[in-house]
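Notes follow the structure.
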Amino acid sequence: MAPKLSVAVLLLCVGVCVARNSDFSIVGYSEEDLSSHDRLIELFEKWLAKHQKAYASFEEKLHRFEVFKDNLKLIDEINREVTSYWLGLNEFADLTHDEFKAAYLGLSPPPASRSSSRSFRYEDLSAHDLPKEVDWRKKGAVTDVKNQGQCGSCWAFSTVAAVEGINAIVTGNLTALSEQELIDCSVDGNSGCNGGMMDYAFSYIASSGGLHTEEAYPYLMEEGSCGDGKKSESEAVSISGYEDVPAKDEQALIKALAHQPVSVAIEASGRHFQFYSGGVFDGPCGAHLDHGVAAVGYGSDKGKGHDYIIVKNSWGAKWGEKGYIRMKRGTGKGEGLCGINKMASYPTKDN
Ligand SMILES: *[C@@H]1O[C@H](CO)[C@@H](O)[C@H](O)[C@H]1NC(C)=O
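For reference, each letter of the sequence shown is one residue, going -19 to -1, 1 to 332 in mature numbering (1 follows the signal peptide of the UniProt record, and there is no 0).
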């Protein structure tokens, strides 16, 4: 009996140790880091170095350590409870939830209802005609993940991702386009770093003749006058217009997504969202839309049977799954997870 038992114990230990080691690189801490105050200080110092953070004073550093510990507590609690996704000590780990919400979102409160007069060109497709999975990244229609920084310009990033997508699909030319141009110039309904809406931005692009490249009109993370930030000339990328995906209709969103990347709005102000670092996210979140992002595909997690939508965020490549989040679909709620089915739209580009 005794040898058998020790083998079992050993195997268990190996399993646990391996799990912890592989977890560390994703979630940013190990069980041992939580074991003492000294280990926590060490972990904080390592985190500061990794994210190249520096504070103006020792008091500030102490305060940030408290915030860090509070966030770590939540992250560890959730990682113990939840299996479909996990949270990690990312670069937002020294921000309180309120600070995070104030800095990194930026969708204007949506109008109570959208005019539904516009046509939806993918209406007549049958569900059978849709591919089982689509990933526009693999088809060369998605540029590298960008970072809005501390400016409520998510709406511009969401818009640009969808325009980059349709432009690549129609012309075969994948080129990063300018969010700054939208921030500076698309002011009819939009408010730069204080929020905006993707439909207003599409409307601006369709009527202004197009957007210049990211390189020609680089991101400054602040509002300027229209044209001021333009460093060089480039050929503008135009669109014909835009259409809204019928609201609260997940099948409609999938139909559109099978054809092109789509701008979507979600509620991203939850604490879990702040620290999401991988897996198929299934909440908690409400449907008070406060963040604009871009849906760039859909698929299924075969092992766990989760269907998801692939979403490109604008918080840099260190957040989530290299800057992306997989959000569960098929939740049974018309509005979709975090309201993702409520306000989707896409640009059109007719030859
Ligand atoms: C792709 O489009 C951009 C923007 O219009 C343009 O500057 C660039 O020359 C194009 N590249 C090719 C290979 O056509």
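Beta carbons: idealized from backbone N, C-alpha and C, even for Gly.
CA-to-CA, the gap between residue 69 and residue 50 works out to about 13 Å.
A straight-line Cα-Cα distance of about 23 Å links residue 238 and residue 159.
Close CB contacts of residue 253 within its chain, under the 7 Å cut and outside five residues either way in sequence, are with 59, 68 and 265 (chain order). Counting only runs of 3+ residues, the beta strand (DSSP E) found wholly inside the stretch 231 to 301 occupies 243 to 247, 257 to 262, 272 to 282 and 287 to 293, in chain order.
Nearest in C-alpha terms to residue 22, of all of 175, 228 and 43, is 43. The beta-carbon distance between residue 227 and residue 101, rounded to whole angstroms, is 6 Å. This is short enough to meet the 8 Å contact definition. With a threshold of 8 Å, the Cβ atom of residue 156 counts as near ligand 1, since some heavy atom of the ligand is closer than that. Across the structure, residue 110 and residue 310 are spaced so that their CA atoms are roughly 19 Å apart.
Going by C-alpha positions, residue 149 is about 10 Å away from residue 117. Here residue 12 is exposed. Its C-beta has fewer than 16 other C-beta atoms within 10 Å.
Rounded to the nearest angstrom, the gap between the Cα atoms of residue 64 and residue 314 is 21 Å. At a cut-off of 3 residues, the continuous stretches assigned as beta strand (DSSP E) that sit fully inside the stretch 39 to 125 are 66 to 68. In the structure shown, residue 309 adopts extended strand secondary structure according to DSSP, grouped into three states. In the structure shown, the three-state DSSP call for residue 222 is strand. Contact annotation, residue 222 with residue 329: C-beta distance approximately 5 Å; criterion of less than 8 Å satisfied. No heavy atom of ligand 1 is found nearer than 8 Å to the CB of residue 189.
Exclusion of the five residues before and after residue 215 leaves 193, 194 and 197 as the residues of its chain whose Cβ lies within less than 6 Å of its Cβ. Within its own chain, the residues whose Cβ lies closer than 7 Å to the Cβ of residue 207, once the five positions on either side in sequence are excluded, are 165 and 166, listed in chain order. Between ligand 1 and residue 144, a heavy atom-to-CB distance of less than 8 Å is absent.
Nearest C-alpha to residue 276 among 225, 267, 235 and 300: 235. With a threshold of 16 other beta carbon atoms within 10 Å, residue 161 meets it and is buried.
A Cβ-Cβ distance of about 7 Å is found for the pair residue 145 and residue 157, placing them in contact under the 8 Å criterion. Within the stretch 153 to 225, the runs of beta strand (DSSP E) that reach at least 3 residues and sit entirely inside it are, in chain order, 222 to 225. For residue 215, the CB falls within less than 8 Å of some heavy atom of ligand 1. For the 9 Å CB-CB criterion, residue 230 and residue 128 do not form a contact.
Just so you know, the alpha carbons of residue 47 and residue 74 end up roughly 11 Å apart. With the rule of 3 Cβ pairs closer than 8 Å, the stretch 285 to 293 does not count as touching the stretch 32 to 40. With a threshold of 8 Å, the Cβ atom of residue 123 does not count as near ligand 1, since no heavy atom of the ligand is closer than that. For residue 328, DSSP records a beta bridge to 223. Exclusion of residue 151 from the 8 Å shell around ligand 1 follows from its C-beta lying no nearer than that to any non-hydrogen atom of the ligand. Here residue 133 is bridged, per DSSP, to 175.
If you check the C-beta of residue 218 against ligand 1, you find a heavy atom less than 8 Å away. When C-alpha distances from residue 268 are compared across 258, 327 and 91, the shortest belongs to 91. With a cutoff of 9 Å on beta-carbon distance, residue 305 and residue 168 are scored as not near each other.
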